[in-house]
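Numbering (the numbering used here), first residue to last: 569 to 736.
Note sheet for the following structure.
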Amino acid sequence: SVALGSALWLLDISDRAPDRPEVALPKGIRVPAALKRAYRTVHHDAGLDPVHIQGLPVHRAATVLVHLASKPTDVRSWASVLDCLPALLDVSPEDEIRAELDARRHATRVRFAYLIGGLAPNLVERLAIEPAGTVWFGPRGPLRNHDAHWHIADTVLPARPPSRQRGE
569 SVALGSALWL LDISDRAPDR PEVALPKGIR VPAALKRAYR TVHHDAGLDP
619 VHIQGLPVHR AATVLVHLAS KPTDVRSWAS VLDCLPALLD VSPEDEIRAE
669 LDARRHATRV RFAYLIGGLA PNLVERLAIE PAGTVWFGPR GPLRNHDAHW
719 HIADTVLPAR PPSRQRGE
């Protein structure tokens, strides 16, 4: 399925597509060499079926949102994603977010809360996500950000996740 930045563009959330189209294959699937040459490939198991846009299977907004939290290192341009994050969250139905988060590890749920908590604190509360132990947002290494509430050690984001002054 079309994923990440390419999905954001096709879902009309981002105003530009990535340099190389991004596609996600289920974990454990070998990526054919021809596909690697033409596309940037990542592995992600979506919990929801894709939507079809221009005849292409495209990850839903909620799938993209949870993918960001599931594997932060899959993202090429976090600056672009952070700009789109409020709009991405706005078009992600809560029931679809729940479906995507349902079978995920607790660390993914905590990364999700860290990422969107400033934008949708009531959603995080309804999802009953609780901090527990240190969770890395990216590979272990020098920190860019640290969140004391969520116990997030962030080595990836160029800035703290966005927040809204008003309610959800």
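Heads up, the beta-carbon is just placed ideally off N, CA and C, and yes, glycines get one too.
From a predicted model like this one, the values you see are computed outputs, not experimental measurements.
Assign residue i to one of two classes, buried (16 or more other C-beta atoms within 10 Å of its C-beta) or exposed (fewer than that).
i           : result
residue 697 : buried
residue 596 : exposed
residue 670 : exposed
residue 599 : exposed
residue 606 : exposed
residue 612 : buried
Between residue i and the rest of its own chain, which residues show a CB-CB distance below 6 angstroms, the 5 nearest in sequence each way excluded?
i           : result
residue 702 : 719 and 721
residue 577 : 585
residue 590 : 571, 572, 573, 574 and 608
residue 729 : 683 and 686
With residue i and residue j assumed to form a contact (beta carbons below 8 angstroms), what rounded beta-carbon distance in angstroms separates them?
i           : j           : result
residue 692 : residue 624 : About 32 angstroms separates the two Cβ atoms, so there is no contact after all.
In chain order, what residues of the same chain lie with their CB nearer than 7 angstroms to the CB of residue i, ignoring the 5 residues before and after it?
i           : result
residue 646 : 724, 725 and 726
Using a Cβ-Cβ cutoff of less than 8 angstroms, which residues in the same chain neighbour residue i once the five nearest sequence positions on both sides are dropped?
i           : result
residue 618 : 569, 570, 625, 626, 627, 628 and 631
query = Would you call the segment 620 to 634 and the segment 696 to 714 touching, i.e. three or more CB-CB distances under 8 angstroms?
reply = no
key: Segment contact flag, the segment 654 to 664 with the segment 675 to 693, C-beta cutoff 8 angstroms, min 3 pairs   = yes
inquiry  = What ranges does the alpha helix (DSSP H) occupy inside the segment 593 to 617, keeping only unbroken runs of at least 4 residues that lie completely in it?
reply    = 601 to 606
request  = Could you say if the segment 637 to 648 and the segment 671 to 679 meet the contact criterion of at least three C-beta pairs nearer than 8 angstroms?
outcome  = yes
inquiry  = Report the start-end ranges of each alpha helix (DSSP H) in the segment 647 to 711 that is 4 residues or longer and not cut off at the edges.
reply    = 662 to 669, 674 to 684 and 689 to 694
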